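Q: For the sequence shown, the working numbering assigns the number 255 to the initial residue and increments by one for each residue that follows.
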Amino acid sequence: MLEKNFENIKIKIQEIEPYVLWAQIDVVDGIFAPNVTWNNPAELKMLNTSLHLEIDLMISEPEKHIDAWIASGAARIFFHVEATENPKAIIQNIHEAGIQAGISINPSTAVDILYEFVSHVDAVLFLGVEPGFQGQTFHEDTIEKVKNMRAKFPEIAIEVDGGVRPGMARKLAEAGVTRIVAGSAIFEDGALAVNKKIEDLLHDTKLN
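(1) What residues match up with Gly356 in a beta bridge as DSSP calls it?
(2) My understanding is that Arg419 touches Ala439, with C-beta atoms under 8 angstroms, so please give their C-beta distance in whole angstroms.
(3) Leaving out five residues before and five after Trp276 in sequence, what residues of the same chain have Cβ atoms less than 7 angstroms from its Cβ?
(4) Grab me the residues of Asn462's own chain with a C-beta within less than 8 angstroms of its C-beta, minus the 5 sequence neighbours each way, in chain order.
(5) Assuming Asp310 contacts Leu379 (C-beta within less than 8 angstroms), just tell me the rounded distance between them.
(6) Looking at the strands, I want to know which residues DSSP matches up with Gln278.
(7) Answer with buried or exposed for Thr291, where buried requires no fewer than 16 other C-beta atoms within 10 angstroms of its C-beta.
(8) Grab the span of the alpha helix (DSSP H) containing Ile367 for me, first residue to last.
(9) Give me whichever residues DSSP pairs with Glu453 in a beta bridge.
(10) Looking at the structure shown, is Ala411 part of a helix, part of a strand, or coil, going by DSSP?
(11) My output table needs one value for Val431: the three-state DSSP class, helix, strand or coil.
(12) Pairs of beta-carbons, one from the segment 356-371 and one from the segment 325-341, closer than 8 angstroms: are there three or more?
(13) Starting from Ile397 and walking both ways along the alpha helix (DSSP H), at which residues does that stretch end?
(14) List the whole-angstrom C-beta distance separating Leu426 from Ile434, where the pair is believed to meet the contact cut-off of C-beta under 8 angstroms.
(15) Looking at the unbroken alpha helix (DSSP H) that takes in Trp292, where does it start and where does it end?
(16) Which residues does DSSP list as the beta-bridge partners of Asp283?
(17) Spatial neighbours of Glu350 within its chain, please: CB distance less than 8 angstroms, with the 5 preceding and 5 following residues excluded, ordered by chain position.
(18) Out of Lys406, Lys451, Val400, Ile452, which one is the CA nearest neighbour of Thr432?
(19) Do you know offhand how far Asp415's Cα is from Glu297's?
(20) Please list the terminal residues of the continuous alpha helix (DSSP H) segment that includes Lys342.
Here it is as structure tokens:
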């Protein structure tokens, strides 16, 4: 979810809480990507939810802010490889706090930039759209990046975020994605209830 204020985050958490185990919150600083979202880690500690929270930091120089997000209560923190000169130090900081660490890349970034970090992280995340806004068209070459990553690193958890809807979710599952992240497909598309939209996405990822 990508929101301007914490109240909207709380509302959406309540909507999905009965149907999922995890929720992802995107944080955008207006520098790394052309948008500014809610970005107050102190508020996250006050969130009363049974869900595990995952943060995707779409921010410049995440090393300057990582300690606050580590203290926020998040169970998994992603940051973007393009946003820092020392990814391994950030990964180490996150892991030392007992939190899962992940690394993300934009659609325009070559997949091989991630290779040296895969053995150090719990998951990798491919953005299927440009960072900062929901509702964009999915970059189809993301599927090839996923296939490449899965072939080279069979055990790594792979997530894709952005433009994921039924149909695309199946293609991603076939390519080797472990987890999908959906925002618009759950909260904005059509008149179906939230639980039905989640059910459709989950059904789409089952390949048997």
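Glycine is no exception: its CB is placed at the ideal position from the N, C-alpha and C atoms.
Just so you know, these numbers come straight off a predicted model, no measurement behind them.
A: With the given structure in hand:
(1) Phe332, Ala377
(2) Between Ala439 and Arg419 the Cβ distance is about 4 angstroms, and since that is below 8 angstroms, they are a contact.
(3) Leu305, His306, Glu308
(4) A caution first: Asn462 carries a pLDDT of 45, below 50, which makes its placement in the model too unreliable to give a value.
(5) Rounded to the nearest angstrom, the Cβ distance from Asp310 to Leu379 is 7 angstroms, consistent with a contact under 8 angstroms.
(6) Glu308
(7) buried
(8) That residue, Ile367, is in no alpha helix (DSSP H); it is neither H nor E in DSSP.
(9) Answer is none; Glu453 lacks a bridge partner.
(10) strand
(11) coil
(12) yes
(13) 395-406
(14) 6 angstroms
(15) Counting along the chain, Trp292 falls outside any alpha helix (DSSP H), and DSSP gives it neither H nor E.
(16) Listed as beta-bridge partners of Asp283 by DSSP are Val290.
(17) none
(18) Val400
(19) When the Cα atoms are used, Asp415 and Glu297 turn out to be separated by approximately 24 angstroms.
(20) The continuous alpha helix (DSSP H) containing Lys342 extends over residues 341-350.
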